[in-house]
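Shown next, in structure tokens, is the structure this report addresses.
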Amino acid sequence: MGFNNTITIISNSEKLVEQISEKLVLLRDLDKVTSSSQKDAVDFLKNQLPNVIMLHCANNDPEALNLIKQLKSEALLSRIPILLLDENCSRETVIDAFDAGVCDILKIPCEDHELLIRVIWCIQKDEINTNRQTQFDFMKDLGIIQPDTGVYTQKYCEEFLKNEVEHTIKHKAHACLMLITPDDKYPGYKNPKEFLDVINKSVRLNDSVAIKDVDEFYVFLPKTKLNGVYPVFERINNNLGVDCGANASVIEIKEERFEAIKNLLQEALNKAKQETNALIVASDIYSKNPNAGINLAKQALVELKEKTTAKKLAQKTDMTPDENKQNKLFRQAYRQKCKIVFEPVFEKYQNHINNKIKDVTVRYDVTVEKTNFVMYKNNTRATLSITYGGLYKARIDTSIAHCDTTKNSNSVVLDFVQLNFQRLSQILEELYIEFKNQLKASGSN
């Protein structure tokens, strides 16, 4: 680590600033410690760029969270690690802070050794960020990376991917390569850069994007199996909106070299273009890949066991082979939604509501046949139900009842692509607000 690092403490508490500063001076005598109030933080930091920002957040202060977002939106400050000093903050605030971009959390009051470890980690993170930026700027100067998008240029695309594939094979690591293009509905007046911006917005931090052609792009996903590719593909389609989407092919890197992989991906992409929002698994040269040709947007990789009633068996017998296969794919897609969307959203809101409303009971049950999220207190009950509708549809019913009398109810039918984290969270948030209002009106809050 370098000498003479600067650590800036952002807090409205002079007492806390004094306590932390004294400890840092003793523990890290080579560092310079500065401080600022929250109100003056942005201007102060721009004038004296630190290596680490320590931001104090007490009692779920929303201004502290807003400041994190503001710092991350400033070009000069966005890469500086932020260590959140957590004083009496809830789990939700901590999660929101991480979502906003903090590097680490330190609960205060804290032990000296813990403060030292957290600060050293943040200084190391700053050095890593600085080195990465230096390399990034160097590659931009050489024309390897586009200055405006940060993706690998068409000229160096294949060289970059050959290196990544060889490295993956050599170290027997998990990685996938996706080839993606906008579908036929993508507006002609939009240029390829706008589509590329959506990809950049949707991929993860360690994923890399490279330009293959005018409207075809590679996405390299390290440390990823096939079941990890679909959420990235879904985010891309969600960020494109409901009027257009993307089609893609994907392959899990095993033994094939890039020269073989690129041809397999192109063949699978041509097949994907014949469908809508399709993510087709490219076939495998050296082994029989059981997932080859599968559209991951329609089929989950992990089969969930379910009991089949006699009525379903009778219906299955009446189906043609094609109808039976299509119905199976629909249900597999719905299972995937249950696992990667419903359960995480419900768990988050269950914890959130339990922390916000005293003596409330929140329960949820996620199944293929019917999914329920219920919150109740005294004689007031709010219910959200999701029912599999077939043909890539899901029906959502919400209701508020008091003393067994329904006060409000609503139903909506959504496509699977529309039923994402954001949409389900929005519906659940609206139901939660109605539930609180009904509790208040009935005097139960």
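One gets this note's numbering by counting positions in the sequence shown from 1 and adding 231 to each.
The beta carbon of each residue, even a glycine, is placed where N, CA and C say it ideally should be.
Rounded C-beta distance between K454 and A404? I'm assuming under 8 Å.
-> 7 Å
Do you know whose CA, among C288, I326 and G332, lies nearest S309's CA?
-> G332
State the DSSP-derived secondary structure class of L535, mapped to helix, strand or coil.
-> Reliability of the predicted coordinates at L535 is poor, the pLDDT of 33 falling under 50, and no value is obtained from them.
Which term fits C353, buried or exposed, when burial requires 16 or more other beta carbons within 10 angstroms of its beta carbon?
-> buried
Inter-residue spacing [alpha-carbon to alpha-carbon] between L296 and N290 = 12 Å
Nearest CA to the CA of A306: which residue from L347, D646, K277 and N469?
-> K277
In its own chain, which residues sit with a C-beta less than 7 Å from the C-beta of V256, not counting the 5 before and 5 after it?
-> V264
Touching or not, the segment 366-375 and the segment 411-423, by the rule of three or more beta carbon pairs under 8 Å?
-> no
Taking buried to mean at least 16 other C-beta atoms within 10 Å of its own C-beta, is E465 buried or exposed?
-> buried
Is the segment 587-594 close to the segment 638-652, with three or more CB pairs under 8 Å?
-> no
With C-beta atoms as the reference, is L298 less than 8 Å away from Q269?
-> yes
When you compare only the Cα positions, how much space is there between N470 and A477?
-> 10 Å
Assigned secondary structure, C341 (DSSP; H/G/I helix, E/B strand, else coil) = coil
Mind checking which residues open and close the alpha helix (DSSP H) that includes Y701?
-> Lying before the first or after the last residue shown, residue 701 is absent from the chain, which here runs from 232 to 676.
Residues in its own chain within less than 8 Å of A503 by CB, not counting five upstream and five downstream?
-> N478, A479, S480, A509, L510, I511 and N526
When you compare only the Cα positions, how much space is there between D683 and E390?
-> Any question about residue 683 goes unanswered here, given that the chain covers just 232 to 676.
DSSP on R654, reduced to helix/strand/coil?
-> helix
Leaving out the 5 sequence neighbours to the left and right, which residues in its chain are closer than 6 Å to V644 when beta-carbon positions are compared?
-> K624 and R626
Unbroken alpha helix (DSSP H) run spanning P462, endpoints | V460 to L471
Are the beta-carbon atoms of T237 and M285 separated by less than 8 Å?
-> no
Could you pull the start and end residues of the beta strand (DSSP E) that V572 belongs to?
-> Careful: V572 lies outside any beta strand (DSSP E) and carries neither H nor E.
Could you check which residue in K589, K356, H398 and Y387 has the C-alpha nearest to that of I442?
-> Y387
Close-in-space but distant-in-sequence residues of the same chain around I311 (CB under 6 Å, 5 per side omitted) = I284
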